[in-house]
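Working notes, structure below.
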Amino acid sequence: QKEVEQDPGPLSVPEGAIVSLNCTYSNSAFQYFMWYRQYSRKGPELLMYTYSSGNKEDGRFTAQVDKSSKYISLFIRDSQPSDSATYLCAMRQGGSYIPTFGRGTSLIVHP
Amino acid sequence: EAGVVQSPRYKIIEKKQPVAFWCNPISGHNTLYWYLQNLGQGPELLIRYENEEAVDDSQLPKDRFSAERLKGVDSTLKIQPAELGDSAVYLCASSLAGASTGELFFGEGSRLTVL
Chain A
8 QKEVEQDPGP LSVPEGAIVS LNCTYSNSAF QYFMWYRQYS RKGPELLMYT
58 YSSGNKEDGR FTAQVDKSSK YISLFIRDSQ PSDSATYLCA MRQGGSYIPT
108 FGRGTSLIVH P
Chain B
479 EAGVVQSPRY KIIEKKQPVA FWCNPISGHN TLYWYLQNLG QGPELLIRYE
529 NEEAVDDSQL PKDRFSAERL KGVDSTLKIQ PAELGDSAVY LCASSLAGAS
579 TGELFFGEGS RLTVL
């Protein structure tokens with residue numbers, strides 16, 4: 008079993024839908040949680056960063072961490088075709104700068 | 479400001495041939511990473527440099543892979559000889575030591591196809 012599990016999808020939604028992307032993890036030492044977005048044939052770029060449990064909002068994006076359940080989520084409101092990409096969750100331990108990545112979920116937002 | 483630059487973007491070689499990838503990190507970033515990304519998978523760390531020093535290379539297959547970062551700036555990753563299973567995207571990333579988020583800035587990757 009991998010340390011970080013993520014459903015690869017693809018997840019196909021209509022424009023304007025609310026999208027929910029999720030990851031589970033097994034290592035209780037993870038303290039920092041991130042979401043990276045990767046467009047086709049591009050490198051990943053950091054989208055959201057959170058520390059410990061709770062919610063963080065940035066525009067249409069909300070990151071949620073539930074450490075008791077070892078479960079993190081990314082919500083996208085009013086999804087747009089430009090949101091079509093692969094979303095990678097990543098997490099790291101305190102004192103480490105090396106994140107462990109999930110396999111990514113492919114999101115397709117169709118007009 | 480220029481991002482992380484990688485070359486070549488695409489490379490097709492026959493098995494048993496050598497191949498090299500080059501990376502120029504963001505100016506001032508002292509930490510450099512090489513990641514391997516297979517199709518449909520997340521990036522997996524191969525090696526991490528702090529300045530010139532390789533501080534984490536436990537996942538680098540040392541029988542055929544080698545890397546160097548001379549002068550603590552540019553880096554090269556070499557595979558010799560390449561095998562069919564090495565077909566993947568090789569991502570270079572850099573980060574600024576001490577940054578609170580530890581954000582990694584990735585290049586666009588070098589896509590290797592081994593025939």
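Going down the list, the sequences are from chains A and B. Going left to right, the first sequence walks through residues 8 to 118 as this note's numbering numbers them. Going left to right, the second sequence walks through residues 479 to 593 as this note's numbering numbers them. All residues carry an ideal CB built from backbone N, CA and C; glycine is no exception. Remember, it's a predicted structure, so these values are computed and weren't measured experimentally.
Any C-beta of chain B sitting closer than 8 Å to the C-beta of residue i?
i                : result
Phe40 (chain A)  : no
Gly66 (chain A)  : no
Ile105 (chain A) : yes
Glu10 (chain A)  : no
My output table needs one value for residue i: the three-state DSSP class, helix, strand or coil.
i                : result
Lys489 (chain B) : strand
Lys549 (chain B) : helix
Pro15 (chain A)  : coil
Gly61 (chain A)  : strand
Leu562 (chain B) : helix
Ser89 (chain A)  : helix
Ala480 (chain B) : coil
Leu574 (chain B) : coil
Gln519 (chain B) : coil
Leu582 (chain B) : coil
Roughly how many angstroms separate the alpha carbons of residue i and residue j, rounded to a whole number?
i                : j                : result
Ala532 (chain B) : Ile25 (chain A)  : 43 Å
Leu574 (chain B) : Tyr104 (chain A) : 10 Å
Gly506 (chain B) : Pro21 (chain A)  : 42 Å
Glu586 (chain B) : Leu548 (chain B) : 22 Å
Does any residue of chain A bring its CB to less than 8 Å from the CB of residue i?
i                : result
Glu546 (chain B) : no
Pro503 (chain B) : no
Assuming residue i and residue j are in contact, meaning their beta carbons sit under 8 Å apart, how far apart are those beta carbons, in whole angstroms?
i                : j                : result
Ile525 (chain B) : Trp512 (chain B) : 5 Å
Gln495 (chain B) : Pro559 (chain B) : 7 Å
Ser91 (chain A)  : Ile115 (chain A) : 5 Å
Under 9 Å, CB to CB, which of the residues in the region 576-592 of chain B have a partner in chain A? Ala577, Ser578, Thr579, Gly580, Glu581, Leu582, Phe583, Phe584, Gly585, Glu586, Gly587 and Arg589
Taking any Cβ of chain B, which residues in the region 71-94 of chain A have a Cβ under 7 Å from it, in chain order? none
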